[in-house]
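Shown next, in structure tokens, is the structure this report addresses.
Residue numbers (the working numbering), protein chains in the order written: chain A, 64 to 372; chain B, 64 to 372.
Set out below in structure tokens:
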């Protein structure tokens, strides 16, 4: 049976796994990115990690179909290039050609959110579905859409970017330069911002006495804290309306929510489903499930590996 | 070369065409729907139209790959059924089985907006593209998404329903039961409503002395009428923001705009493109063109025919 290697390139760690055609992880490893050493060193370290994973699993390099890499930034498939990767300080870095030369294996690439979406849709919460919208609620809001177990990358790998849906043109500024993007409401950053603003405005809340985190905010909302409830309701309302639009367009079987904010469980999913039902077309609601992601941090490497099959 | 027949079922007319594999119309015809005669009569008349088109073009029934039908309502592919077609008064009408029995040809179906989208993407404004979002601005706002010359119908044929993106939860009521859908701003109905409201509120305008139509409104806006400008700007702004969200998700090569409202030409497309650029991610904007539809009323029959290939 064929094997593949998936690499999830991050600002702090490079994660890698050798997977089989069923999406099982045979072996996985991570090494520090050490981005300060520059792009050449990072590419060499990715190659080392690939060889190391093959050795660990005792799979000869000739039995490996290829290496897929999830890159946290903009990529140019045709040129095999990372156009811009802010977290790692890359601009116009060729990835495919040098790695193919070193490893003598075909290299595939997509952005990291798309790779993670593919992993979840393939063997995570979306296993067996024909269409999935995947969302990651972390520092930002990332997304990916998967049709028939293939990621839809779009014309230039921007597919699935629902974090930048402009939900409220008069909203808070977003990193992307616009205002009121979904990300400004539903990311961890956005939730913390809304809570901080409430505290600064003197809204009485139990949150003023704790170190602010999304966990504290969801816990306080569950305990009936009014500011926390308002913040959670706003985040769920905006996410529900954004996902309703995505679902009216794609009419998917499943919507998978991952990332740190999704750890709130029912605290997020209950108000989220309510908002979704309010805004999506009834026939769209009928056929879709909104569920938590299952693979956690493994989604990225598994999905990256899947790119090669 | 194989031929196919496409049928566009409407509330007033049933349109039909025999097309070849390149999407050329060999012959076309239309007959009145006569919906008051009931569903059985309509199905028989569709079958007659199919036979008539074959005769007209001198193509033997055995050389016809199948018949595709665009239906203006909700359909159930598995059961070959029109679940609800409000304009024709259909509920739970079986379409595929009776027509296959009468015609001895395979019958394919999708909703009419999806069929029209497929026609435009295949041989209309989207010819040669890999991904298209198609929008029809008429009484309502319909849409369809096309990947690699195939319509993405979604899980239950609701794919592409961007007319019901809730753009403003406090907006005007929509036919669908929600408020502030894109359709309430960017359809002919929505544009007329906004102009009428302005006139009722006593805003001074040249429109108060004419019979209100979208053409009059776009003409008045071009001539500098303030109310008309406000209405057109609002419609273009909402449509631009809605399409920006759809494009951030799909990252398509082309967005095709058809329907009566699109006849305004630059009067619509200039403010629309401005709004789109303001709200979509720059890398998404870079690769997409926003263009008028080319096929007009033929899009529906051509796309319906394409369903069979």
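Every residue, glycine too, gets a C-beta built ideally from N, C-alpha and C.
Confirm, please, whether the CB-CB distance from residue 318/A to residue 353/A is below 8 Å.
yes
Beta bridge counterpart(s) of residue 93/B as assigned by DSSP:
78/B
What residues in the region 175-198 of chain A bring their beta carbon closer than 7 Å to a beta carbon of chain B?
194
Per-residue contacts from residue 350/B into chain A (C-beta, under 9 Å)
217, 218, 219, 221
Compare the C-beta of residue 370/B against all C-beta atoms of chain A and say whether one is closer than 8 Å.
no
Tell me, to the nearest whole angstrom, how far the beta carbon of residue 133/A is from that of residue 148/A; I am working on the premise that it is less than 8 Å.
At roughly 11 Å, the Cβ-Cβ gap does not stay under 8 Å, so residue 133/A and residue 148/A are not in contact.
So, is the C-beta of residue 262/B closer than 8 Å to a C-beta in chain A?
no
Rounded separation between residue 273/B and residue 356/A - CA only:
57 Å
Would residue 67/B and residue 127/B be called neighbours here (beta carbons separated by less than 8 Å)?
yes
Answer with yes or no whether the minimum CB distance from residue 237/A to chain B is below 8 Å.
no
What does residue 313/B reach in chain A if we use C-beta pairs closer than 7 Å?
217, 222
Can you name, in chain order, every residue of its own chain whose Cβ lies under 6 Å from the Cβ of residue 284/A, other than the five neighbours on each side?
291, 292, 295
Does residue 115/A come within less than 8 Å of chain B when only Cβ atoms are used?
no
Could you tell me how far apart the beta carbons of residue 113/B and residue 130/B are, in whole angstroms, since I believe they sit closer than 8 Å?
6 Å
When you check each C-beta in the region 297-308 of chain A against every C-beta of chain B, which residues fall closer than 9 Å?
300, 304, 305, 307, 308
Going by Cα to Cα distance, which pick from 242/A, 193/A, 347/A is closest to residue 215/A?
193/A
Limits of the unbroken alpha helix (DSSP H) element including residue 98/B
Neither: residue 98/B is in no alpha helix (DSSP H) and is coded neither H nor E.
Assigned secondary structure, residue 295/B (DSSP; H/G/I helix, E/B strand, else coil)
helix
Quick one: give me the first and last residue of the beta strand (DSSP E) that residue 147/B is part of.
144-148
Please name the residue or residues paired with residue 194/A in a DSSP beta bridge.
210/A
Tell me the start and end of each unbroken beta strand (DSSP E) in the region 225-313 of chain A that is at least 3 residues and wholly inside, in chain order.
none
Below 8 Å between beta carbons: does that hold for residue 247/A and residue 235/A?
yes
Using a C-beta to C-beta distance shorter than 7 Å, which residues of chain A count as neighbours of residue 316/B?
218
Under three-state DSSP, which class holds residue 156/B?
strand
Mind checking which residues open and close the alpha helix (DSSP H) that includes residue 341/B?
329-342
Is there contact between the region 115-124 of chain A and the region 66-82 of chain A, where contact requires at least three CB pairs shorter than 8 Å?
yes
Range covered by the beta strand (DSSP E) that runs through residue 66/A:
66-72
Do the region 195-207 of chain B and the region 318-335 of chain B make contact, defined as three or more Cβ pairs closer than 8 Å?
yes
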